[in-house]
Amino acid sequence: PLYFLLLLFLLIAHFLAQWKDECRFLNRTEQVQFLFRFFYDQQEIVSFDSELREFVAIMEFGKVVADGWNRDELILQHRKAEVDSFCLHKKVSQSRF
Numbered sequence: 175p176l177y178f179l180l181l182l183f184l185l186i187a188h189f190l191a192q193w194k195d196e197c198r199f200l201n202r203t204e205q206v207q208f209l210f211r212f213f214y215d216q217q218e219i220v221s222f223d224s225e226l227r228e229f230v231a232i233m234e235f236g237k238v239v240a241d242g243w244n245r246d247e248l249i250l251q252h253r254k255a256e257v258d259s260f261c262l263h264k265k266v267s268q269s270r271f
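Taking the working numbering, the leading residue of the sequence shown gets 175, the next gets one more, and so forth.
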């Protein structure tokens, strides 16, 4: 697909591509928010917010990537499940100490 080719092109260039997963615990951990943020050349281009339940383009050229990831049900399901598998796992681990 086109979004994959764009992402591949971005990664081939000599710039840094990285991502960051974040868990935000609001109201004393009653509400959990998961954020996936994708950076290219030190600029955030795409993010996923578990409250919005979709990828959002931050930069203009991230729109193609966000649209492609939003059409891929497996990618969306994986990111939506991160609230339970990544964030709540951390919450249980931290509550033991």
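Every residue gets a Cβ at the ideal spot worked out from N, C-alpha and C, and that includes glycine.
Paired residues, beta bridge with D195 - DSSP: Here residue 195 refers to the residue found at position 21 when the sequence shown is read from its first residue. In DSSP, D195 forms a bridge with F210.
Let's see if you can read the secondary structure: which residues bound the alpha helix (DSSP H) around I249? The residue labelled residue 249 in the question sits at position 75 within the sequence shown. Looking at the DSSP string, the run of the alpha helix (DSSP H) that includes I249 is 247-256.
Does S221 come out as helix, strand or coil in the three-state DSSP assignment? In the sequence shown, counting from the first residue as 1, residue 221 sits at position 47. Strand, per DSSP.
N-terminal and C-terminal residue of the beta strand (DSSP E) that E228 is part of: The sequence position of residue 228 within the sequence shown is 54, counting from 1. 228-231 is the span of the beta strand (DSSP E), which, as asked, contains E228.
Could you tell me whether the Cβ atoms of Q217 and L190 are closer together than 8 Å? Residue mapping note: residue 217 aligns to position 43 of the sequence shown, counting from 1. Residue mapping note: residue 190 aligns to position 16 of the sequence shown, counting from 1. No; because the gap between Cβ atoms is not below 8 Å, this pair is not in contact.
For a quick check, are the C-beta atoms of R253 and F210 less than 8 Å apart? By one-based count along the sequence shown, residue 253 stands at place 79. By one-based count along the sequence shown, residue 210 stands at place 36. Yes, the Cβ-Cβ distance between R253 and F210 is below 8 Å.
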